[in-house]
Amino acid sequence: MTAASLDTTAKTSAERGALARARLLRGLLPALSLALVLLAIAWLNPRAISYFGFSLMLNLAIPIALATIAQMFVIAGNELDLSIGTFVGFVGCVTATWLKDAPLVGVVILLGSIGVYALLGALIHLRNLPSIVVTLGMSFVWQGLAILVLPKPGGKAPDWLLAFMAFKPPFVPFPIIAALLIGLIVHFGLMRTSYGVILRGSGGNPAALGRAGWSLLKTKIVLFALAGLFGVLSGMALIGITTSADANIGNGYTLLAIAGVILGGGEFVGGRVSPIGAVIGALTLALAASPLLTFMHIPPDWQVAANGAILIIVLAARVLISRRER
Amino acid sequence: MVAGNADIIRLNGAEKHFGAVRALGGVDFHVGPGECVGLVGHNGAGKSTLMHMVAGTLMPDSGQIGVHGGIEDNYSVSRAQQLGIRCVFQELSLCPNLSVAENTRINHASLRGFGWRRKAAELIAAKLDEIFPGHSISAGDIVGDLSIGRRQMVEVARAFTVTQDRLDLVILDEPTSSLDAHTAGQLLAFVRRFVAGGKSCILISHVLGEVLRNADRIVVMRDGKVVVADAAGAFDRDRLVTAMGGAEARQKIAAEVAAAKPGASPLRVRARPAGQKDGTDLVACAGEVIGLAGLAGHGQTDLLLAIFGAASRTKAGIEVTAPVALVAGDRQSDGIFPQWSIAQNIGIRSLARLRTGLLISPQSEAELAAFWQKKIGIRTPDMNNNILSLSGGNQQKALFARALGSDAGIVLMDDPMRGVDIGTKLEVYELVREEARRGRTFLWYTTETEELDNCDHIYVFKNGRIVANLRRDELTEEKIIQSSFGDAA
Numbered sequence: 014m015t016a017a018s019l020d021t022t023a024k025t026s027a028e029r030g031a032l033a034r035a036r037l038l039r040g041l042l043p044a045l046s047l048a049l050v051l052l053a054i055a056w057l058n059p060r061a062i063s064y065f066g067f068s069l070m071l072n073l074a075i076p077i078a079l080a081t082i083a084q085m086f087v088i089a090g091n092e093l094d095l096s097i098g099t100f101v102g103f104v105g106c107v108t109a110t111w112l113k114d115a116p117l118v119g120v121v122i123l124l125g126s127i128g129v130y131a132l133l134g135a136l137i138h139l140r141n142l143p144s145i146v147v148t149l150g151m152s153f154v155w156q157g158l159a160i161l162v163l164p165k166p167g168g169k170a171p172d173w174l175l176a177f178m179a180f181k182p183p184f185v186p187f188p189i190i191a192a193l194l195i196g197l198i199v200h201f202g203l204m205r206t207s208y209g210v211i212l213r214g215s216g217g218n219p220a221a222l223g224r225a226g227w228s229l230l231k232t233k234i235v236l237f238a239l240a241g242l243f244g245v246l247s248g249m250a251l252i253g254i255t256t257s258a259d260a261n262i263g264n265g266y267t268l269l270a271i272a273g274v275i276l277g278g279g280e281f282v283g284g285r286v287s288p289i290g291a292v293i294g295a296l297t298l299a300l301a302a303s304p305l306l307t308f309m310h311i312p313p314d315w316q317v318a319a320n321g322a323i324l325i326i327v328l329a330a331r332v333l334i335s336r337r338e339r
Numbered sequence: 061m062v063a064g065n066a067d068i069i070r071l072n073g074a075e076k077h078f079g080a081v082r083a084l085g086g087v088d089f090h091v092g093p094g095e096c097v098g099l100v101g102h103n104g105a106g107k108s109t110l111m112h113m114v115a116g117t118l119m120p121d122s123g124q125i126g127v128h129g130g131i132e133d134n135y136s137v138s139r140a141q142q143l144g145i146r147c148v149f150q151e152l153s154l155c156p157n158l159s160v161a162e163n164t165r166i167n168h169a170s171l172r173g174f175g176w177r178r179k180a181a182e183l184i185a186a187k188l189d190e191i192f193p194g195h196s197i198s199a200g201d202i203v204g205d206l207s208i209g210r211r212q213m214v215e216v217a218r219a220f221t222v223t224q225d226r227l228d229l230v231i232l233d234e235p236t237s238s239l240d241a242h243t244a245g246q247l248l249a250f251v252r253r254f255v256a257g258g259k260s261c262i263l264i265s266h267v268l269g270e271v272l273r274n275a276d277r278i279v280v281m282r283d284g285k286v287v288v289a290d291a292a293g294a295f296d297r298d299r300l301v302t303a304m305g306g307a308e309a310r311q312k313i314a315a316e317v318a319a320a321k322p323g324a325s326p327l328r329v330r331a332r333p334a335g336q337k338d339g340t341d342l343v344a345c346a347g348e349v350i351g352l353a354g355l356a357g358h359g360q361t362d363l364l365l366a367i368f369g370a371a372s373r374t375k376a377g378i379e380v381t382a383p384v385a386l387v388a389g390d391r392q393s394d395g396i397f398p399q400w401s402i403a404q405n406i407g408i409r410s411l412a413r414l415r416t417g418l419l420i421s422p423q424s425e426a427e428l429a430a431f432w433q434k435k436i437g438i439r440t441p442d443m444n445n446n447i448l449s450l451s452g453g454n455q456q457k458a459l460f461a462r463a464l465g466s467d468a469g470i471v472l473m474d475d476p477m478r479g480v481d482i483g484t485k486l487e488v489y490e491l492v493r494e495e496a497r498r499g500r501t502f503l504w505y506t507t508e509t510e511e512l513d514n515c516d517h518i519y520v521f522k523n524g525r526i527v528a529n530l531r532r533d534e535l536t537e538e539k540i541i542q543s544s545f546g547d548a549a
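As they're listed, the protein sequences go chains V and L.
Numbering follows our numbering, in which position 33 of the first sequence is assigned residue number 46; successive positions increment by one, without gaps.
Numbering follows our numbering, in which position 109 of the second sequence is assigned residue number 169; successive positions increment by one, without gaps.
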């Protein structure tokens, strides 16, 4: 009897060790893919690995990382946001016009747009609508509003925003510090706090959460409002870098954000997401998107396809590792 | 206000209708302090509906709910929690993406603020140690990585954790369905200690012996009504089964098994577990029902899956001479296609036969489904309904129909009767015997010793090896427990 229980303990601890290793490997995969892209860049163009090089290459990584985090909140609740790209574009247009000319109106509009996101969450939960349909519809609404605000490219970012995005800290480039901060803050909020557990639980087993007395309406509203908040931050950061706006400026962000979440170890259903992984995924995409391919002398015509190929390779590696875990 | 009422909960004349279906028709039910109430009845007898009312997840259409002597007009889950009533539901209600400690947090709104992770981890670890000594579950484990048995242990332990709310009554709905005999014994012993401490339990189980041995009072339900309620000592197995309305078919089966001695029949399976060092093989011939016994998770499922794999691809040490079908044990994750209809779920194993040209013929699919609906008694108005519209027992019947309706000469059963009511079980046992007489071979892994009565030959597993090899007439519960717990052979 004692021998039996000792036996099973030994067996399960070995099993658990193997599982833990596989999970560690999966957790490290986003970091590994980022390291791989960095190595390739260093090999192709050693001069790029410098303070100035990183500042330049990772310039657009901050808005991508923020949009990815926005998407991650939605995915954590088993939904998908197809409107985040045009939403970022809309925020950009508001930032380059109202926020500079009439800051108060601008702030009200941006806060209101976060409120719209919260309402969308409520609508999706109450009417049990597929989020893909609702957000696809909203993507056209945001696009239309962006064109209304800024019919042709132009506008100018507020000076304080320009100054903030041009901040040059000593030794470590600003985008890297910003990415670290974003990742750590969201990690703490979603992975370590007691309400973060409830938010992730709403993606893992909503029925169980409801039975334990939690409001699923509230979790969905909070998740969508957070997505709206980070969408606003993403749009503002983007305009702080580009200095002027265009109604189509964020369109590519929808798919980049989804890919960033998945690249960072998240899954479409089941509430399995990782904020730090998502930020790393966004950085990897930002680097692989153009600097790497330019250094590889891949003509611009082929860059989009090459980008897709990189995505497929990394995601395939993830599937292989998860399969070994079973 | 009912004066002098010391009951923890009392339902008077509770009624519930779902559309045209009457789930509960005027039930009176109460639980006093310091008692363990056993609740038995077929699937669909109304047990779950009644328990959902006690737990606050469903409101009765009419009737009263009183808790601790006061009438509750706005009873709800959170109100039940405040009043010290918890429920472990039959479907697992843990979040697979969260850790054991985080899942504990979900049930305790007061676990918050600085240091909540440590508090939650200590709370659940202490309770697991208390109920299941030697459990080898860590509070940091992600629930999705745990086996189904361990998940059930976590879920049970979580229901008994206490923070700021009181705890008076825990409803255990099939708490042992995924546990092996050893951990089930630990849990039931804990329930007795819990009750001895003045708290109360409602125990729902299809294993009648468990209820008879552990309950103080037994309530029998049938067709949405309480038919008998009496002290546990006043019942024996026969009286319970009669009250539930199931015919006692056990002796009949045993007699039949004894009568149908298989003669020399062709070999169907010869398999050796991967970890087997001596030359012991598992041998199954046509027309035999072979039982795989032992504690849960000791290599029985692995061997079944190896045999299943060997049917399509040759494997060393395993010989299979007929097509194979598998009836999965964890029906939600390995068995059913949740988006599909009942008929589609049954037809999937027989697509080759259901084809006309390149397409599946809906007509032959419907015929196959209708045949098995009649034969196995799947209770549904329409086989084109979604499979999830069926109760758990009927879903399992559909999975049996999938395997038995196929061309498979060998049927592997991976503990398929988990949480299935006794009426359904007896029907399926009968069917298995009948199919075996027609020459089909069954390999049947089960954690319920009673089911082994249906087998011609039993192999007991321990640590991935066969440690005992018993004929039907040599089988006793003691022998199985002895070999399961004995020193490794």
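Don't be surprised by glycine CBs; every beta carbon is placed ideally from N, CA and C.
All figures in this text were calculated on a predicted structure; none of them were measured in a lab.
### Task
Give me whichever residues DSSP pairs with Phe89 (chain L) in a beta bridge.
As a working mapping, residue 89 (chain L) is identified with position 29 in the second sequence. Its beta-bridge partners are L:Leu71.
### Message
For a cutoff of 7 angstroms on Cβ pairs, would you count Ala225 (chain V) as touching chain L?
### Response
If you number the first sequence from 1, residue 225 (chain V) lands on position 212. Yes - at least one Cβ of chain L is within 7 angstroms of the one on Ala225 (chain V).
#### Entry: Where Ile526 (chain L) sits in the DSSP three-state scheme
Within the second sequence, numbered from 1, the residue matching residue 526 (chain L) stands at position 466. Ile526 (chain L): strand per DSSP, three-state reduction.
### Message
So that I know if they touch, is there some Cβ in chain V lying closer than 7 angstroms to that of Asp205 (chain L)?
### Response
Here residue 205 (chain L) is taken as the residue at index 145 of the second sequence, counted from 1. Chain V, which has a Cβ nearer than 7 angstroms to the Cβ of Asp205 (chain L), makes this yes.
### Query
Excluding the five sequence neighbours on either side, which residues of its own chain have a C-beta within less than 6 angstroms of the C-beta of Ile234 (chain V), listed in chain order?
The residue given as residue 234 (chain V) occupies position 221 in the first sequence. Hits under 6 angstroms: Ala131, Gly134, Ala135.
### Message
Check whether chain L comes within 7 angstroms of Arg39 (chain V), counting only Cβ atoms and requiring the distance to be less than that.
### Response
Walking along the first sequence from the start, residue 39 (chain V) turns up at place 26. Arg39 (chain V) does not count as touching chain L.
### Any chain V beta carbon closer than 7 angstroms to Glu308 (chain L)
The count along the second sequence starts at 1 and reaches residue 308 (chain L) at position 248. Caution is warranted here: a pLDDT of 42 is assigned to Glu308 (chain L), below 50, making its placement in the model unreliable, and the coordinate value is therefore given only provisionally. Closer than 7 angstroms: no.
### Query
Checking contacts by CB at 7 angstroms: is Val210 (chain V) closer than that to chain L?
Sequence index remark: in the first sequence, residue 210 (chain V) carries index 197 (1-based). Closer than 7 angstroms to some Cβ of chain L, the Cβ of Val210 (chain V) qualifies, so yes.
### Task
Flag this pair as yes or no: are the beta carbons of Ala169 (chain L) and Ile184 (chain L) separated by less than 7 angstroms?
Here residue 169 (chain L) is taken as the residue at index 109 of the second sequence, counted from 1. Here residue 184 (chain L) is taken as the residue at index 124 of the second sequence, counted from 1. Result no, Cβ atoms of Ala169 (chain L) and Ile184 (chain L) do not sit closer than 7 angstroms.
### Query
Can the beta-carbon of Pro186 (chain V) be found closer than 7 angstroms to that of Phe67 (chain V)?
Here the question's residue 186 (chain V) lines up with position 173 in the first sequence. Here the question's residue 67 (chain V) lines up with position 54 in the first sequence. In this structure, Phe67 (chain V) lies closer than 7 angstroms to Pro186 (chain V) by Cβ.
### Message
Residues of chain L with CB closer than 9 angstroms to the CB of Gly90 (chain V), please, in chain order.
### Response
Here residue 90 (chain V) refers to the residue found at position 77 when the first sequence is read from its first residue. In chain order: nothing, as chain L lies at least about 12 angstroms away.
### Message
Which residues in chain L have a C-beta closer than 9 angstroms to the C-beta of Gly214 (chain V)? List them in chain order.
### Response
Indexing the first sequence from 1 puts residue 214 (chain V) at position 201. Cys155, Asn157, Leu158, Glu162, Asn163, Arg165, Ile166, listed in chain order.
### Message
Let me check understanding here. Comparing Cα to Cα, which of V:Ala176, V:Val121, V:Leu229, V:Val107 lies closest to Asn91 (chain V)?
### Response
In the first sequence, counting from the first residue as 1, residue 91 (chain V) sits at position 78. Among V:Ala176, V:Val121, V:Leu229, V:Val107, the Cα nearest to that of Asn91 (chain V) belongs to V:Leu229.
### Query
Gly244 (chain V) CB to nearest chain L CB: under 7 angstroms?
Translated into positions along the first sequence, residue 244 (chain V) becomes position 231. Judged by the 7 angstroms Cβ criterion, Gly244 (chain V) is not in contact with chain L.
### Task
Could I get the ranges of all uninterrupted alpha helix (DSSP H) runs contained in the region 103-136 of chain L, with 4 residues as the minimum, in chain order?
107-115
### Query
Per DSSP, what kind of secondary structure is Lys457 (chain L) in: helix, strand or coil?
In the second sequence, counting from the first residue as 1, residue 457 (chain L) sits at position 397. Helix.
### Beta-bridge partners of Met473 (chain L), as assigned by DSSP
To locate residue 473 (chain L), count along the second sequence from 1; it is residue 413. Answer by DSSP bridge pairing, in chain order: L:Val387, L:Trp504.
### Message
Ignoring anything shorter than 4 residues, give me the alpha helix (DSSP H) runs that lie fully in the region 179-255 of chain L, in order along the chain.
### Response
208-219
### Query
When the cut-off is 7 angstroms and only beta carbons count, does Arg285 (chain V) lie next to chain L?
Working through the first sequence from its first residue, we reach residue 285 (chain V) at position 272. So yes, Arg285 (chain V) belongs to the interface.
### Query
For Lys337 (chain L), which three-state DSSP category applies?
Within the second sequence, numbered from 1, the residue matching residue 337 (chain L) stands at position 277. Coil at Lys337 (chain L), not helix or strand.
### Query
With 16 other CB atoms within 10 Å as the buried threshold, where does Phe250 (chain L) fall?
One-based indexing of the second sequence puts residue 250 (chain L) at position 190. Looking at its Cβ environment, which holds 16 or more other Cβ atoms inside 10 Å, Phe250 (chain L) is buried.
### Task
Please classify Gln399 (chain L): is it buried, with 16 or more other beta-carbons within 10 angstroms of its beta-carbon, or exposed?
What you label residue 399 (chain L) is simply residue 339 of the second sequence in a count that begins at 1. Gln399 (chain L) is exposed by the Cβ-count criterion.
### Query
Is Met281 (chain L) helix, strand or coil when you go by DSSP?
Walking along the second sequence from the start, residue 281 (chain L) turns up at place 221. Residue state, collapsed to three classes: strand.
### Message
Bridge partners for Arg352 (chain L) per DSSP, in chain order?
### Response
As a position in the second sequence, residue 352 (chain L) is number 292, starting the count at 1. Per the sequence shown, residue 352 (chain L) should be read as Leu rather than Arg. Answer is L:Tyr505, L:Tyr519.
### Message
If I measure Cβ to Cβ from Leu95 (chain V) and keep anything under 7 angstroms in the same chain, skipping five residues before and after, which residues do I get?
### Response
Mapped onto the first sequence, residue 95 (chain V) falls at position 82. Taken in chain order, the residues that qualify are Ile145, Thr148, Leu149, Ser152, Thr267.
### Message
Let me see if you follow: with CB-CB separation under 7 angstroms, is Asn218 (chain V) close to chain L or not?
### Response
Walking along the first sequence from the start, residue 218 (chain V) turns up at place 205. Cβ-Cβ to chain L under 7 angstroms: yes for Asn218 (chain V).
### Task
Taking only beta-carbon positions, decide if Trp176 (chain L) is within less than 7 angstroms of chain V.
Within the second sequence, residue 176 (chain L) is the residue found at index 116, counting from 1. At least one chain V Cβ lies under 7 angstroms of Trp176 (chain L).
### Message
With DSSP as the reference, identify every bridge partner of Thr416 (chain L), one or two as the case may be.
### Response
On the second sequence, position 356 is the one that residue 416 (chain L) refers to. DSSP, once it has assigned bridges, lists L:Leu419 as partnering Thr416 (chain L).
### Query
Out of curiosity, what's the CA-to-CA distance linking Leu459 (chain L) and Ile436 (chain L)?
Here residue 459 (chain L) refers to the residue found at position 399 when the second sequence is read from its first residue. Here residue 436 (chain L) refers to the residue found at position 376 when the second sequence is read from its first residue. One C-alpha to the other measures close to 11 angstroms.
### Message
Short of 6 angstroms in beta carbon distance, which residues of its chain neighbour Ile262 (chain V), apart from the five on each side in sequence? Order them along the chain.
### Response
Locating residue 262 (chain V) in the first sequence gives position 249, where the first residue counts as 1. The answer, listed in chain order, is Gly102, Gly105.
#### Entry: Span of the alpha helix (DSSP H), counted from its first residue to its last, around Arg297 (chain L)
If you number the second sequence from 1, residue 297 (chain L) lands on position 237. Its alpha helix (DSSP H) spans residues 297-304.
### Message
So Ser228 (chain V) contacts chain L; which residues on that side make the cut at Cβ distance below 8 angstroms?
### Response
As a working mapping, residue 228 (chain V) is identified with position 215 in the first sequence. Residues of chain L passing the Cβ test: none, with the nearest at roughly 10 angstroms.
### Query
Applying a beta-carbon distance threshold of less than 9 angstroms, which residues of chain V neighbour Val137 (chain L)?
For the purposes of this step, residue 137 (chain L) is taken as residue 77 along the second sequence, with counting starting at 1. The answer, in chain order, is Gly223, Arg224, Ala225, Gly226.
### Task
Quick one: measure Cβ to Cβ for Cys96 (chain L) and Asp276 (chain L), integer angstroms, because I've assumed they're closer than 8 angstroms.
Here residue 96 (chain L) refers to the residue found at position 36 of the second sequence. Here residue 276 (chain L) refers to the residue found at position 216 of the second sequence. About 5 angstroms separates the two Cβ atoms, so the contact holds.
### Message
Assuming the contact rule is C-beta atoms closer than 8 angstroms, Leu503 (chain L) and Leu364 (chain L) should be a hit. Round their C-beta distance to whole Å, please.
### Response
On the second sequence, residue 503 (chain L) is found 443 positions in, with the first residue counted as 1. On the second sequence, residue 364 (chain L) is found 304 positions in, with the first residue counted as 1. With 8 angstroms as the limit, Leu503 (chain L) and Leu364 (chain L) qualify as a contact, their Cβ atoms being about 6 angstroms apart.
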